[in-house]
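S.K.:
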Amino acid sequence: MPPSYSTTVTPTSDTGRFRICLQHPNEELKLFCDTHVTACCTACHLDLHKQCTVLYIPEVAKNYKTGPEYIQLTEDLNQTQQLAAKTSNEIEEKIKTLVKLKTEETKTLEEYRIELKKYVDKRIDGLTSELKQIHDKDVALLDEQLIKSKNIESNIATKQSKLEAFEETPHDLFTESKHTRNIVQQLQVDIADIAAKTEYQVFSVKKDPLMLSVLGNEAGLATIELKTGRTMARMCILFIYLLSVHIYVHRYVANYILYLIYVIIVIGFSYITQTLFMN
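In terms of the numbering used here, the sequence shown is residues 855 to 1133.
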């Protein structure tokens, strides 16, 4: 139920200052509804709080300041204030821990990046070197056979020139032709040998399937594990619940068995709340 009073106060001779009822501006809030925990006026009592436990404020307020309820309330407030301060300090420490943790784990990832880069660079450099060796070996072999083939071309051209030069002298042409025939046969054997040695290795890079699966997997290389930082925060929440029970509930629950059941319910609700909102 919302407050039924305004901030306007009026002085009285016997009790000091009373606030004015919002619903009944001509009435002072001299009564207190213990059921709804709110101040009310006489008209409110007769209208909205007929079935409630209503106390006369001037009477119950005389020695309230030195009474056990107010003393307990101030103690509970002090304890709650200390608990709030402790919780604030814990939260600040958690923030510092998280900042430090983030810095350390980021450093770990950067070191991991360097390690991975070193590994990849080493493997790529090794494969590149292997490709170069295969390439250089085959190119050197082909260069060697190319030189031989060019020499044969040059020899054939020389022989052709000689034969053309001897065409006017039949006996020289005959002798040179016989000699050239033997040379041509040998050159044909050499050409066949060169052709047999001009094969080369066709190389291609085959990517590692395992590495491809890692690259295609967003969870590959590394993952971030989450663990809940369990501190006194949960106990603080439970303490606040029980404190509320102590202040506001025990006045209405005289049966201690029912009170125990209520506490168990509060503890269960606290556990559920912690599970849902703190993990």
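Quick reminder that beta carbons are idealized off the backbone N, C-alpha and C, glycines included.
Where does Tyr1054 fall in DSSP's three states?
M.R.: Numbered from its first residue, the sequence shown carries residue 1054 at position 200. Tyr1054 falls in the coil class under three-state DSSP.
S.K.: Taking only beta-carbon positions, decide if Asn943 is within less than 8 Å of chain D.
M.R.: Protein chain content of the structure displayed is limited to a single chain, and chain D is not contained in it.
S.K.: Can you look up Thr982 in the DSSP assignment and give me helix, strand or coil?
M.R.: As a first step, residue 982 must be located in the sequence shown, where it is residue number 128. Helix, per DSSP.
S.K.: Can you give me the start and stop residues for the beta strand (DSSP E) that Thr892 sits inside?
M.R.: Numbered from 1 along the sequence shown, position 38 holds the residue referred to as residue 892. Thr892 to Cys894 is the extent of the beta strand (DSSP E) around Thr892.
S.K.: With a 10 Å radius around its C-beta and 16 neighbouring C-beta atoms as the bar for buried, classify His1025 as buried or exposed.
M.R.: On the sequence shown, position 171 is the one that residue 1025 refers to. Flag for His1025 reads exposed.
S.K.: Alpha carbon to alpha carbon, how far is Glu929 from Glu923?
M.R.: For the purposes of this step, residue 929 is identified with residue 75 of the sequence shown, where counting begins at 1. For the purposes of this step, residue 923 is identified with residue 69 of the sequence shown, where counting begins at 1. If you take the alpha carbons of Glu929 and Glu923, they lie about 10 Å apart.
S.K.: By DSSP's criteria, Ile874 is part of a beta bridge. Which residues make up the other side?
M.R.: The residue labelled residue 874 in the question sits at position 20 within the sequence shown. Ile874 has Glu882 as its beta-bridge partners, per DSSP.
S.K.: Any idea which residues DSSP pairs Tyr910 with across the strands?
M.R.: Here residue 910 refers to the residue found at position 56 when the sequence shown is read from its first residue. The partner list for Tyr910 (beta bridge, DSSP) reads Leu885.
S.K.: Looking at Asp888 and Leu909, is the spacing between their C-beta atoms short of 8 Å?
M.R.: Mapped onto the sequence shown, residue 909 falls at position 55. Mapped onto the sequence shown, residue 888 falls at position 34. Yes, Cβ-Cβ distance for Leu909 and Asp888 is below 8 Å.
S.K.: In three-state terms, what does DSSP make of Tyr1106?
M.R.: Residue numbering aside, residue 1106 sits at position 252 when the sequence shown is read from its first letter. With a pLDDT of only 48 at Tyr1106, under 50, the local geometry of the prediction cannot be trusted, and no value is derived from it.
S.K.: Name the residue from Thr1034, Asn1005 and Ile1001 whose alpha carbon lies nearest to the alpha carbon of Glu1018.
M.R.: Counted from its first residue, the sequence shown places residue 1018 at position 164. For Glu1018, the nearest C-alpha among the options comes from Thr1034.
S.K.: Could you work out which residue in Asp979, Ser1008 and Lys1013 is closest to Leu1027 when comparing CA atoms only?
M.R.: Counted from its first residue, the sequence shown places residue 1027 at position 173. Taking only the C-alpha atoms, the option nearest Leu1027 is Lys1013.
S.K.: Can you give me the C-alpha to C-alpha distance between Lys986 and Glu998, rounded to a whole angstrom?
M.R.: Position 132 of the sequence shown, counted from the start, is the residue given in the question as residue 986. Position 144 of the sequence shown, counted from the start, is the residue given in the question as residue 998. Whole-angstrom Cα-Cα distance: 18 Å.
S.K.: Buried or exposed, going by whether 16 or more other CB atoms sit within 10 Å of the CB of Ala938?
M.R.: Here residue 938 corresponds to residue number 84 of the sequence shown, with the count starting at 1. By the 10 Å Cβ count, Ala938 comes out exposed.
S.K.: Could you spell out the range, first to last residue, of the alpha helix (DSSP H) harbouring Leu1064?
M.R.: What you label residue 1064 is simply residue 210 of the sequence shown in a count that begins at 1. Counting along the chain, the alpha helix (DSSP H) containing Leu1064 begins and ends at Pro1063 to Leu1069.
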